[in-house]
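Residues are numbered in my numbering as their position in the sequence shown, beginning at 1, plus a constant of 65.
Structure first, then comments.
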Amino acid sequence: MKPKFPQEHFMRRAFELALHGQGYASPNPMVGCVVVWQQGLIIGEGFHHRYGQPHAEVNAIHSVLAPNAATEALSRITGKSPQELLRESTLYVSLEPCSHYGKQPPCALKIIETGIPRVVVSCPDPNPAVNGKGIAMLREAGVEVTEHFLEAEGWEMGRRFFTNVQKKRPYIILKWAQSADGFIAAQKGLRTQITGAVLQALNHSYRAQEDAIMVGTNTILADNPCLDARMYHGNQPLRISFDLHGRLRAYRQQLEQEGAPNLHFLDGSIKSFLFVHEADKEHYAAWQTENLEICPISVPGTLAACMQELHNRKIGSLIVEGGTELLQSFIREGLWDEIRVFRSCRNLGSGYPAPVLPAATRVKSEEYSGETIDIYRNIPGNTGHE
Ligand code: AOF
Ligand code: ZN
66 MKPKFPQEHF
76 MRRAFELALH
86 GQGYASPNPM
96 VGCVVVWQQG
106 LIIGEGFHHR
116 YGQPHAEVNA
126 IHSVLAPNAA
136 TEALSRITGK
146 SPQELLREST
156 LYVSLEPCSH
166 YGKQPPCALK
176 IIETGIPRVV
186 VSCPDPNPAV
196 NGKGIAMLRE
206 AGVEVTEHFL
216 EAEGWEMGRR
226 FFTNVQKKRP
236 YIILKWAQSA
246 DGFIAAQKGL
256 RTQITGAVLQ
266 ALNHSYRAQE
276 DAIMVGTNTI
286 LADNPCLDAR
296 MYHGNQPLRI
306 SFDLHGRLRA
316 YRQQLEQEGA
326 PNLHFLDGSI
336 KSFLFVHEAD
346 KEHYAAWQTE
356 NLEICPISVP
366 GTLAACMQEL
376 HNRKIGSLIV
386 EGGTELLQSF
396 IREGLWDEIR
406 VFRSCRNLGS
416 GYPAPVLPAA
426 TRVKSEEYSG
436 ETIDIYRNIP
446 GNTGHE
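Listed below in structure tokens is the structure:
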């Protein structure tokens with residue numbers, strides 16, 4: 066009996082492949098693609114590896130055409146060349162194939178030239194350069210297209226990119242760790258380890274998934290954090306902070322006078338980005354190095370202006386790790402897409418309070434060695450917790 070098409074597991078495989086581009090594809094979307102021959106044999110797979118490099122569809126098609134044992138065996142059995150196999154295949158892709166010449170040529174054209182007769186797409190591409198034109202191009206050439214297949218899952222997977230295009234700002238994740246009785250630190254300005262090593266390693270894996278990591282001035286002064294992903298492999302995000310009132314400047318001077326080592330954030334070991342007050346920018350002229358960029362902003366305190374600046378610089382996602390004041394400012398301005406609260410089972414008894422969770426939907430709760438990570442989403446229309 067002929068199997069039912071399209072089949073969900075092929076698209077789910079495309080989503081799985083797409084995730085291999087996490088941390089590298091941005092500001093482009095993560096995209097995955099599989100080529101399925103006739104009744105349901107995967108003969109090609111691909112994903113978008115890195116910004117500027119070939120797209121998922123092209124990689125999937127090339128994986129069929131490049132010499133490989135699987136296609137060679139199928140060619141021998143069927144007596145068909147890889148090109149002929151492609152002309153009897155369905156291509157599953159997590160995002161609408163592009164129709165424009167960007168850093169890469171249009172994928173829709175490649176599909177048409179290859180002679181693939183059927184395409185199954187999860188999400189439309191909201192990029193104004195594409196936005197339905199890829200699907201129209203395919204249909205005009207006689208390709209049978211199924212759209213919106215597992216679209217909710219596709220949107221979830223591509224949520225960073227969709228947020229960038231639709232909201233013209235990075236995808237914003239707020240993260241903090243709090244004690245069972247709701248404190249973020251034993252007292253303001255005191256570095257306090259709230260959760261254990263397992264969640265710390267997990268946090269480093271979270272960092273590696275995003276383009277940038279941000280903390281406020283207070284956190285730099287109190288914790289002197291490295292803001293790296295040393296307990297995990299993968300992408301090292303850009304570090305971002307603020308010095309809108311010259312406090313880092315004063316502290317750095319003091320450290321220099323004492324002959325003490327510089328703050329990690331300013332040590333030039335990792336690419337970092339510091340927002341300073343426009344009026345003060347000359348004071349930072351000597352700070353600028355290959356790895357430390359000083360960005361003057363004319364409207365101090367306005368996070369929206371900072372987000373605009375980061376969007377202009379193609380920062381697709383941002384994880385904000387504290388402290389409470391900065392996190393609360395993001396919450397107050399409605400500038401967040403996801404909140405991850407790391408909850409310890411220990412009480413601190415007293416201390417500096419964690420941010421107040423806004424109206425949000427809890428989408429996931431994971432437990433690790435007695436500690437919990439709750440993940441919330443900013444889903445419009447929600448008014449209460451969970
Ligand atoms: C696809 N497949 O794998 C990706 C797509 O500058 P370019 O040529 O790399 O184009 C980037 C745009 O192409 C990006 O903004 C998004 O609209 C689309 N990404 N499209 O067909 C892919 N990564
Ligand atoms: Zn493309």
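A virtual CB, placed ideally from N, CA and C, is assigned to each residue, including glycine.
Keep in mind that this is a model prediction, so the values were computed, not measured.
Cβ-Cβ distance between residue i and residue j below 8 Å
i    : j    : result
I176 : L156 : yes
A287 : L255 : yes
E374 : I359 : no
V406 : W241 : yes
L368 : S409 : no
P170 : V184 : no
L389 : P420 : Checking the sequence, you will find Thr at residue 389 rather than Leu. Yes. Within cutoff.
D439 : I238 : no
S91  : D308 : no
G86  : H120 : no
R314 : H348 : yes
F338 : I285 : no
R152 : G180 : yes
P235 : M76  : no
Y433 : I404 : no
R295 : H269 : yes
N300 : L328 : no
I335 : D293 : yes
Those residues which DSSP pairs with residue i across a bridge
i    : result
L102 : Looking at the sequence provided, one finds Trp at residue 102 rather than Leu. DSSP, once it has assigned bridges, lists L106, S154 as partnering W102.
E209 : R183
L160 : C188
V421 : BP columns for V421 are empty, so no partner.
I384 : I238, I278
G111 : C98
S306 : L339
A315 : A315 pairs with nothing; no bridge assigned.
Whole-Å CB distance - residue i paired with residue j, under 8 Å assumed
i    : j    : result
P147 : V129 : 5 Å
A458 : S159 : Because residue 458 is not part of the residues shown, which for the chain are 66 to 451, the question remains open.
V186 : F227 : Between F227 and V186 the Cβ distance is about 14 Å, and since that is not below 8 Å, they are no contact.
V195 : S164 : 5 Å
G97  : Q72  : About 15 Å separates the two Cβ atoms, so there is no contact after all.
I384 : R272 : 6 Å
F416 : A245 : The sequence as given places Gly at residue 416; Phe does not occur at that position. In fact, because the Cβ distance is near 12 Å, the residues do not count as touching under 8 Å.
A425 : N412 : About 24 Å; that fails the 8 Å criterion.
Three-state secondary structure assigned by DSSP to residue i
i    : result
W352 : helix
T136 : helix
M66  : For M66, the predicted model reports a pLDDT of 47, less than 50, meaning its position is unreliable; a value from the coordinates is still stated below. Here M66 sits in coil by DSSP.
H127 : helix
K240 : strand
D429 : At residue 429 the sequence reads Lys, which differs from the Asp that was named. Strand, per DSSP.
I359 : strand
P94  : coil
S394 : helix
V486 : Not covered by the structure: residue 486. The range shown for the chain is 66 to 451.
Y271 : helix
H298 : coil
V341 : strand
E451 : Caution is warranted here: a pLDDT of 42 is assigned to E451, below 50, making its placement in the model unreliable, and no coordinate value can be reported.
D402 : coil
F407 : strand
D439 : strand
I142 : helix
F248 : strand
C291 : coil
R224 : helix
H329 : helix
P170 : coil
G86  : helix
K198 : helix
T389 : helix
K175 : helix
R378 : coil
F75  : helix
P265 : In the sequence as displayed, the identity of residue 265 is Gln instead of Pro. Looking at Q265 - three-state DSSP - the assignment turns out to be helix.
Contact test: residue i Cβ vs the ligand AOF heavy atom, cutoff 7 Å
i    : result
K168 : yes
T94  : Note that residue 94 is Pro in the sequence shown, not Thr. Checking the Cβ of P94 against the ligand AOF gives yes.
G109 : no
V195 : yes
H376 : no
H213 : no
D190 : yes
H113 : yes
Residue i beta carbon near the ligand ZN (any heavy atom closer than 7 Å)
i    : result
P458 : In the structure displayed, the chain extends from 66 to 451; residue 458 sits before or after that span and is not available.
E122 : yes
C172 : yes
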